[in-house]
Structures are given as C-alpha cells and as structure tokens.
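Going by our numbering, the sequence shown opens with residue 53, and the numbers climb by one from there.
Structure first, then comments.
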Amino acid sequence: MKKIIKISCFLVLGLIIISCNPDDNSVIQTDEFIFNINSGNKWVYKHYNSPNDSGPFTFTGAIDSIEIVGTEVIQGYTFAIKNTRKFHGNQLSQNDYSYLRVNSLGHLVQITDIENIGLISDTTGFVLHPGIDANYTYNYDVNGDPNIGNVEFHLGSPITINIEEEQYLVSPFLGLFTPSENSPQLVSKTVGEYYASNIGMIKGITKLVVGDITSEYRLVSYEVN
Numbered sequence: 053m054k055k056i057i058k059i060s061c062f063l064v065l066g067l068i069i070i071s072c073n074p075d076d077n078s079v080i081q082t083d084e085f086i087f088n089i090n091s092g093n094k095w096v097y098k099h100y101n102s103p104n105d106s107g108p109f110t111f112t113g114a115i116d117s118i119e120i121v122g123t124e125v126i127q128g129y130t131f132a133i134k135n136t137r138k139f140h141g142n143q144l145s146q147n148d149y150s151y152l153r154v155n156s157l158g159h160l161v162q163i164t165d166i167e168n169i170g171l172i173s174d175t176t177g178f179v180l181h182p183g184i185d186a187n188y189t190y191n192y193d194v195n196g197d198p199n200i201g202n203v204e205f206h207l208g209s210p211i212t213i214n215i216e217e218e219q220y221l222v223s224p225f226l227g228l229f230t231p232s233e234n235s236p237q238l239v240s241k242t243v244g245e246y247y248a249s250n251i252g253m254i255k256g257i258t259k260l261v262v263g264d265i266t267s268e269y270r271l272v273s274y275e276v277n
C-alpha cells in the first residue's frame, strides 16, 4: 500500500510522514539512507499556509509533536509506536498512535488502524518513503464527478533545503497531480515530503486541487538517538 493524499469535495493533495523499524529498536540502514525510529526520538513541526506557491507563508498556530514511545510485536513483525499530538495554541486537539516499520524492500511504512488491519505481511502499510528505491511509484485517480485527475508518487533527486534557518540534504518523495481531460480548468501541482537520512521528515507540502492555497509543515526541533 502507499502514501495517502487527502482529497474530498475541496480536494486537498497532501502527504504525511514518519519512520520505523522492522526487527528491533535500532537504527535501520538501507544502503545509503537511514530511517532512524529509535524509542525516545522526537520531532516538532509547525504548520504554515500561503495563498499560493511562492508565499508569503504565515504560521497557522498549529504544531505537531511526534515521539517514538516504544515498540510492539504484531503478528511476528516489530513496529515502532508513534505518538502524534496536535496542538493549536496551547490546546491539545488530537492525540493519535500509529505503527511504523521498514520492510524488506527498504520502504518506510505506517499502519494507522491496527485493530482492523487483518493479516499482516512484510509489505503491509502505507509507504511514507521508499528509501533509495527509485523504481517505486504509486498512483491513484482523484475521484470527483467526473474523475478530475491522477496523482503519481515517485522518488525525487536529493536536494539541499533550508528550513527554520537550518540546512538539510533531503530525499523528496513527490506526488504529481495531473488533471484529466474532464477538468481543463485545473493545473498540474506537486506535493510531497522531504526526508533527511538519520533524522526523518524535514518538510511536507500539501495543496488544494481546486484553488491556490499551499500548506507546509516544517521541522523546528528534533531529538534522535
């Protein structure tokens, strides 16, 4: 399974994140790329909105606080447990748990509804990032009335980005929305998440399918073991 993009009547293209461990509570390396999901690791992200791609971006007041709080063996597979707490101002608005691991293909995967997942295999879970697997792609239709387009995800080339006055070498996992011939009024757009080896997600980008609003969630602090 693969990365989810949120879409509804107002169709938002979005990606989400985190990293995980297959067999134990240690750093996982897939050749050149490390997904570090050790227990105790923490990441904090701020959310920003802009009326378009180029900005300016304004802080929305929303903050995500993420922590790996342990591991759990489920049907013989060891998952890291991710706790995501969402705040707006000082108010806790959401407190969720999900389960993460790196499969044998080197893909970082996540399961959110563990009670209803059914039989788990090595490749079960949404692919948050394919590691160094440049051949991995995923696509799906954006359903409207009628179908309005298609989104295809692929691994981008490594780039250097500056986030919150820090510089990171990142591996982008990008989703390209292409409008269908039924929706000539729409334009192509790219969303995605940008991961740094041994750190985690640095930045994520989501966009409205209909409209120009762009949202970013940016890493502002982290602690990794």
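Every residue gets a Cβ at the ideal spot worked out from N, C-alpha and C, and that includes glycine.
Quick check: the Cα distance between Val79 and Asn90, rounded to an integer number of angstroms? Confidence at Val79 is low in this model, with a pLDDT of 35, below 50, so its placement is unreliable and the value that follows should be read with caution. So the alpha carbons of these two residues sit roughly 6 Å apart.
Using a Cβ-Cβ cutoff of less than 6 Å, which residues in the same chain neighbour Asn250 once the five nearest sequence positions on both sides are dropped? Cβ neighbours of Asn250 beyond the five flanking positions: Ile86 and Asn88.
Using the Cα positions of Ser232 and Gly263, report the straight-line distance between them to the nearest angstrom. Those two C-alpha atoms are separated by around 16 Å.
Closest Cα partner of Ile269 within the set Lys94, Pro210 and Lys98: Before going further, note that residue 269 is Tyr rather than Ile in the sequence given. Of the listed residues, the one whose Cα sits closest to Tyr269 is Lys98.
Over the uninterrupted beta strand (DSSP E) stretch that includes Leu171, give me the two end residues. Looking at the DSSP string, Leu171 is not in any beta strand (DSSP E), and its letter there is neither H nor E.
Considering only the beta carbon of each residue, do Gly227 and Thr242 sit closer than 8 Å? For the pair Gly227 and Thr242, the CB atoms are nearer than the 8 Å cut-off.
Residue burial classification, Ile120 (beta-carbon count within 10 angstroms, cutoff 16): Under a 10 Å Cβ-count criterion, Ile120 is classified as buried, with 16 or more other Cβ atoms of the shown protein chains found around its own Cβ.
In terms of residues, what are the limits of the beta strand (DSSP E) holding Phe85? It spans Phe85 to Phe87 - the beta strand (DSSP E) in which Phe85 sits, taken as one unbroken run.
By how many angstroms is the C-alpha of Lys259 removed from the C-alpha of Ile215? 19 Å
In the DSSP assignment, the beta strand (DSSP E) including Gln219 goes from what residue to what residue? According to the DSSP assignment, Gln219 belongs to the beta strand (DSSP E) that extends over Glu218 to Pro231.
Counting Cβ pairs, one atom from each stretch, are 3 or more of them under 8 Å apart for the region 193-203 and the region 141-161? no
My understanding is that Leu238 touches Val272, with C-beta atoms under 8 Å, so please give their C-beta distance in whole angstroms. About 33 Å; that fails the 8 Å criterion.
Quick one: what does DSSP say Asp105 is sitting in, helix, strand or coil? coil
Does chain C have any CB closer than 8 Å to the CB of Ile265? Any reference to chain C falls outside this structure, which holds one protein chain only.
Ile133 and Gly122 closer than 8 Å at C-beta: yes
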